[in-house]
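K.L.:
2 protein chains.
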Amino acid sequence: MQGNERSLAARAAWLSFIGGYTQEEIAQKLGLSRVKINRLIAEATEAGLVRVFVEGNAAECVALESRIAAHWQLDFCSVSPTVDDNALPLRTLAAAGAHYLHGVLERGEAKLIGIGHGRTLDEVVRYLPRIARPDIRFVSLLGSLTRHAAANPFDVIHRLVEVTGAECYFMPAPFFADSIADKKVLLAQKSLKDVFSLARAAELYVVGIGEVGSQAHMLATGTVTEKELREVKRAGAVGEVIGRFLDKTGKAVAAELNDRAVALKLEEIKGKSVVAIAGGANKIEAIKAVLESHVIKGLITDEATAKAIVDTLDGSDVAAGKKMAKR
Amino acid sequence: MQGNERSLAARAAWLSFIGGYTQEEIAQKLGLSRVKINRLIAEATEAGLVRVFVEGNAAECVALESRIAAHWQLDFCSVSPTVDDNALPLRTLAAAGAHYLHGVLERGEAKLIGIGHGRTLDEVVRYLPRIARPDIRFVSLLGSLTRHAAANPFDVIHRLVEVTGAECYFMPAPFFADSIADKKVLLAQKSLKDVFSLARAAELYVVGIGEVGSQAHMLATGTVTEKELREVKRAGAVGEVIGRFLDKTGKAVAAELNDRAVALKLEEIKGKSVVAIAGGANKIEAIKAVLESHVIKGLITDEATAKAIVDTLDGSDVAAGKKMAKR
DNA sequence: TCTTGCTTTGAACATTAGTTCATGACTCGT
DNA sequence: ACGAGTCATGAACTAATGTTCAAAGCAAGA
């Protein structure tokens, strides 16, 4: 679909979704057949030109939200109905995350925002509607992948720039340095130091959470090798956030890989406004680990994941006994 | 709608819009009837819980169109993406205007068409593709320039004839008479009277809009003198349409020049099908004035101009274009 | 110029969404 | 407790949307 066609598609989609006209009416207005309009709207939808947000949450989700927020002392938690049936609920997370981020941008809540990495985050940003925000700056929290791969920090932040017109800052470095010595050298670079200090100054951090398992996205993209992953796993790692692998108590594991990550240290962002967007059956342990670390202040996830997380809790800190009744 | 209901509505809307499930599927999932789901989604939409964004240049243009059309009760409004960076977006207007005019001719919507003047209109007609229409007649709405100058009504209408093979009728008179007495004499001429009555009978009027400022095209072509322009400006004029200068409320200003124009009176075309083609940074006030006069029923403009016009509006009728809920 | 294979088109059909209306459940005042 | 009115409900219907398929259009190569 090129220029003219695309423009027509956007036009038709607008008239349909915002204008509330029927396809028949639009067809007349634009002098095309109804079928053509139907196809244009389908194309526009397909191309991701149409983004829908739903405000307000289902009661069950709200219950999960408050349970999780209370248990880990979060400032906020957002749980949305799971709609995907595959392991990674990208649709839900993209919509929920984009809704959150859009709100932040719209309210101008933060002028300098740190951005993590990952497939989920990439999807979130893809779903973000265009919003002019030239006064905001985004800064990457960790090195970019050296080899080309989907959803590396560069891509995520680049798309943010496209959509908002904001300024952005990358880490001109690999995600993991080849050795601890190499990392030292990299960190000594002025260009990196500048970005690091900018990242430290961010008012809000939006991060993804990685799992440690055969499905790990980092493995698929070649960011880490199987050997490296096995190693951190042996050290007890069950999850990852901004390049740091954590054990189930939320502590960074003692593995060389953790020291080779070109990224902010967790201590540097702890206590600040950090929001994680993550979900999926494989990530339950990882998300719990990150929650345990108390690095994050907000969590955006899906209902199935939230339920799984809550189910592993004992009933100690809630009056949540009633949800058992169903089924 | 209270708590529980609202929560269900949110879930249903989420499953529908984000999940892409059919209402039937959602009904099964939630154990409710399809009709109930339909109502829940309608309620959620009604309550403004669902926000839809359509990306793309064209979508933004459509938004501007409906906003402008609603605010000034136009029958239609066409906003095209601005491509020119100079003050007068001739390319855009020419293409959009030609597209409109071509459609009118092709559909044979009007057999007798009144034509105004101006550089924009000239450009529109230059851009018009050849289309045989010997059954259509064009009639000039105002006097031709006496001295040779670009884009006088003669040229515009002459080109129309070339392109369509239509018949045409000029005003054999200057654009402005030298005095009110002279104008009387001119109007008394049989040849002029005939054209005037033809002009009054036109089914469609296509006009340009002139600005009142140092860049005014009329000044450059010598149609009006600096002194005359200064005078109407002092009387409050901010825009011009078929030789009449209007103040910002859309009323013709009290200036002698206005009474010397050899052209139809605005009252004579008001209520009829009048379409203006105009755009450009300098013309914003002029276009607003003409819109305020409610003489025109249609406007063809460019995105930048439309945005500027809309920006001066308060948010009172934002929901424009949204079809009102049926009773 | 004539295939050949691909793309685009819209009429006809299939599915999904939206509306209406009769019904019964419920509320509230007496 | 009893009726008058209100409200929610879903079967049945209508409107809108989505899909299929045969035919037309079109471009590239022989």
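Chains as they are written, first to last, in this note's numbering: chain A, 5 to 331; chain B, 5 to 331.
Where is the CB? At the ideal position from N, CA and C, for every residue including glycine.
Quick one: any contact between the stretch 42-57 of chain B and the stretch 88-95 of chain A, if contact means 3 or more CB pairs under 8 Å?
P.N.:
Flag = no, the stretch 42-57 of chain B and the stretch 88-95 of chain A do not touch.
K.L.:
So, with DSSP's three-state summary, where would you put A/Glu-127?
P.N.:
If DSSP states are grouped into helix, strand and coil, A/Glu-127 belongs with the helices.
K.L.:
Is it true that the CB of B/Ser-84 sits closer than 7 Å to the CB of B/Asp-306?
P.N.:
Contact: yes.
K.L.:
DSSP on A/Glu-235, reduced to helix/strand/coil?
P.N.:
Note: A/Glu-235 maps to helix in three-state DSSP.
K.L.:
Put B/Ser-11 into one of helix, strand or coil per three-state DSSP.
P.N.:
Note: B/Ser-11 maps to helix in three-state DSSP.
K.L.:
Just list the beta strand (DSSP E) runs in the stretch 153-239 of chain A, keeping only unbroken ones of 3 residues or longer that don't cross its boundaries, in chain order.
P.N.:
Entirely contained in the stretch 153-239 of chain A, the beta strand (DSSP E) runs reaching 3 residues are, in chain order, 171-173, 208-215.
K.L.:
A/Leu-12: which of A/Leu-36, A/Glu-29, A/Glu-28 sits nearest, CA to CA?
P.N.:
Taking only the C-alpha atoms, the option nearest A/Leu-12 is A/Leu-36.
K.L.:
I'd like to know if B/Ala-98 contacts chain A, where contact means its C-beta is closer than 7 Å to some C-beta of that chain.
P.N.:
No - not a single Cβ of chain A is within 7 Å of the one on B/Ala-98.
K.L.:
Is A/Pro-85 close to chain B, meaning its C-beta is less than 7 Å from at least one C-beta of that chain?
P.N.:
So yes, A/Pro-85 belongs to the interface.
K.L.:
Do the stretch 276-285 of chain B and the stretch 198-214 of chain B touch if we need at least three Cβ pairs shorter than 8 Å?
P.N.:
Touching, yes, given that three or more Cβ pairs across the two stretches are closer than 8 Å.
K.L.:
Run through the stretch 257-312 of chain B for me and flag every whole beta strand (DSSP E) of 3 or more residues, listed as ranges in chain order.
P.N.:
Runs found: 278-281, 302-306.
K.L.:
Run through chain A and tell me which residues come within less than 7 Å of B/Phe-180, C-beta to C-beta.
P.N.:
Correct list: empty, because the minimum Cβ distance to chain A is about 40 Å.
K.L.:
Beta-carbon separation of B/Gly-147 and B/Val-266 under 7 Å?
P.N.:
Contact: yes.
K.L.:
Taking 7 Å as the threshold (beta carbon to beta carbon), is A/Phe-21 in contact with chain B?
P.N.:
Yes, contact with chain B.
K.L.:
Rounding to the nearest angstrom, what Cα-Cα distance links B/His-152 and B/Glu-235 in this structure?
P.N.:
Only weak support exists for where B/His-152 lies, its pLDDT of 49 falling under 50; the value from the coordinates is given anyway. Approximately 25 Å, taken between the alpha carbons.
K.L.:
Going straight from the alpha carbon of A/Ala-99 to that of B/Ala-308, what length do you get?
P.N.:
Their Cα atoms are separated by approximately 31 Å.
K.L.:
Answer with buried or exposed for B/Glu-127, where buried requires no fewer than 16 other C-beta atoms within 10 angstroms of its C-beta.
P.N.:
B/Glu-127 is buried by the Cβ-count criterion.
K.L.:
Identify the contact partners of B/Leu-53 in chain A, using a Cβ-Cβ distance below 7 Å as the criterion.
P.N.:
Residues of chain A passing the Cβ test: Val-58, Glu-59, Gly-60.
K.L.:
Is A/Tyr-104 near the ligand GDP, going by C-beta to nearest heavy atom under 6 Å?
P.N.:
Here there are no bound small molecules, and the ligand GDP is not part of this structure.
K.L.:
Quick check on DSSP: helix, strand or coil for A/Val-87?
P.N.:
A/Val-87: coil per DSSP, three-state reduction.
K.L.:
Under the rule that 16 or more other beta-carbon atoms within 10 Å means buried, what is A/Lys-330, buried or exposed?
P.N.:
Interpretation of A/Lys-330 is limited by its pLDDT of 34, a score under 50 that renders its predicted location unreliable; no figure is taken from the coordinates.
K.L.:
Based on DSSP bridge pairs, tell me the residues matched to B/Val-56.
P.N.:
DSSP output for B/Val-56 lists A/Val-56 as bridge partner(s).
K.L.:
Given this structure, state the Cα-to-Cα distance separating A/Val-216 from A/Thr-168, to the nearest angstrom.
P.N.:
If I take the Cα positions, the gap works out to 33 Å.
K.L.:
Counting only beta-carbon separations shorter than 7 Å, does B/Ile-18 have a partner in chain A?
P.N.:
Looking at the sequence shown, residue 18 of chain B is not Ile but Trp. It does: the Cβ of B/Trp-18 has a partner Cβ on chain A nearer than 7 Å.
K.L.:
Check distances from the C-beta atoms of the stretch 104-131 of chain B to those of chain A and list, in chain order, the residues that come in under 8 Å.
P.N.:
Result list: Gly-107.
K.L.:
Using a Cβ cut-off of 7 Å (strictly closer), state whether A/Ser-70 contacts chain B.
P.N.:
Cβ-Cβ to chain B under 7 Å: no for A/Ser-70.
K.L.:
For B/Ser-82, return the contacting residues in chain A, with the cut-off set at a CB-CB distance below 9 Å.
P.N.:
Near B/Ser-82 there are no residues of chain A at all, since even the closest Cβ is about 11 Å away, more than 9 Å.
K.L.:
I'd like to know if B/Ala-312 contacts chain A, where contact means its C-beta is closer than 7 Å to some C-beta of that chain.
P.N.:
No, its Cβ sits nowhere closer than 7 Å to a Cβ of chain A.
K.L.:
Cutting at 8 Å between CB atoms, please list the residues of its own chain near A/Gln-77, excluding the five before and the five after it.
P.N.:
Only His-298 meet the Cβ criterion.
K.L.:
Report the neighbours of A/Pro-133 on chain B: residues whose CB is nearer than 8 Å to its CB, in chain order.
P.N.:
Here the neighbours are Phe-57, Glu-59.
K.L.:
In the DSSP output, which residue or residues are listed as bridge partners for A/Val-245?
P.N.:
According to DSSP, which records beta bridges pairwise, A/Val-245 is partnered with A/Ile-213, A/Arg-248.
K.L.:
Going by DSSP, what residue range makes up the alpha helix (DSSP H) through A/Arg-134?
P.N.:
Unbroken run through A/Arg-134: none, as it is neither H nor E.
K.L.:
What residues match up with B/Gly-118 in a beta bridge as DSSP calls it?
P.N.:
Answer is B/Val-143, B/Tyr-209.
K.L.:
Flag this pair as touching only if the stretch 107-118 of chain B and the stretch 131-140 of chain B have three or more C-beta atom pairs under 8 Å; answer yes or no.
P.N.:
Yes, the stretch 107-118 of chain B is in contact with the stretch 131-140 of chain B.
K.L.:
Following the continuous alpha helix (DSSP H) through A/Tyr-104, name the residue where it begins and the one where it ends.
P.N.:
A/Tyr-104 -> alpha helix (DSSP H) spans 94-111.
K.L.:
If we cut at 7 Å on Cβ distances, does A/Ser-37 have a partner in chain B?
P.N.:
No, no contact with chain B.
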